[in-house]
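For the sequence shown, our numbering gives the first residue as 6, with consecutive numbering after it. Okay, so here's the structure we're looking at.
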Amino acid sequence: MAAGRIHAVTLAAGLVAWKGLVDPRLPARWQPLMRAGLGSALLLGTGAAPGLRPPALWSGLRLGTAAATAVSVGVAATSAVPIVRTEMRRKTLPDAPGRWLALRIPLGTVWPEEAAFRAALGTVGAEAFGPTGGQVLQATAFGLSHIADARAAGQPVIPTVLATGAAGWVFGWLARRSASLVAPMLAHLAINEAGALAALAARAGSAAMPPRGSRP
Numbered sequence: 006m007a008a009g010r011i012h013a014v015t016l017a018a019g020l021v022a023w024k025g026l027v028d029p030r031l032p033a034r035w036q037p038l039m040r041a042g043l044g045s046a047l048l049l050g051t052g053a054a055p056g057l058r059p060p061a062l063w064s065g066l067r068l069g070t071a072a073a074t075a076v077s078v079g080v081a082a083t084s085a086v087p088i089v090r091t092e093m094r095r096k097t098l099p100d101a102p103g104r105w106l107a108l109r110i111p112l113g114t115v116w117p118e119e120a121a122f123r124a125a126l127g128t129v130g131a132e133a134f135g136p137t138g139g140q141v142l143q144a145t146a147f148g149l150s151h152i153a154d155a156r157a158a159g160q161p162v163i164p165t166v167l168a169t170g171a172a173g174w175v176f177g178w179l180a181r182r183s184a185s186l187v188a189p190m191l192a193h194l195a196i197n198e199a200g201a202l203a204a205l206a207a208r209a210g211s212a213a214m215p216p217r218g219s220r221p
């Protein structure tokens, strides 16, 4: 039992360290593939069951589609709020939005994070600490892994960690409820894609604004 807990905590710490120290230094061109490869390797190495075959697949599709629809509607509604649109205009957007939407988000973010945190760490954590403890571990690690992203984007760190940690908890619940990684993947994809499209729309409708903390 002690060895299993050490293994789980070590994996969680390793994921946080990788995301904060190694990942930002990867060549941007190869980053999506390297992330996807790492996530896949962790999923296979931990023996996690991704639930990508029927009947778990159908359960994941049903629950994931419902969650993704709710998320998309929520993003569309909130993006019409003036203060939200202002914050979206402050976001630093990539030079190639098509590559961002079609490659970096699904292959370089959604799949590797769900495979690493929900599948690999979720499985190892549940075996070591039980279902609830494993859920807490993966959600906490997921939140902490976004510290570097928040700093790079000029966003407040603590709210970012809390928000992404809460999202990690919901993604974990979706995975457990459906017994399939498809459900959290669809919800995660909807959050990122809808947010990206909203930011692009806000930027297209008016001039970009400098990020918070930047000098004029």
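Where is the CB? At the ideal position from N, CA and C, for every residue including glycine.
Scanning the segment 13-64 for uninterrupted beta strand (DSSP E) segments of 3 residues or longer gives nothing; none is fully contained. Contact between Leu-62 and Gly-56 holds: their C-beta atoms lie close to 7 Å from each other, under 8 Å. Judged by DSSP secondary structure, Trp-174 falls within the alpha helix (DSSP H) whose first and last residues are 162-183.
Residue Pro-102 holds the alpha-carbon nearest to the alpha-carbon of Leu-205 among Gly-19, Ile-11 and Pro-102.
Cα atoms of Arg-40 and Leu-191: separation of roughly 18 Å, rounded to the nearest angstrom. Going by C-alpha positions, His-151 is about 12 Å away from Thr-114. Ala-81 has its alpha-carbon roughly 22 Å from the corresponding atom of Ala-158. Counting the other CB atoms within 10 Å of its CB gives Gly-65 a total of 16 or more, which places it among the buried residues. DSSP places Leu-149 inside the alpha helix (DSSP H), whose first and last residues are 127-149.
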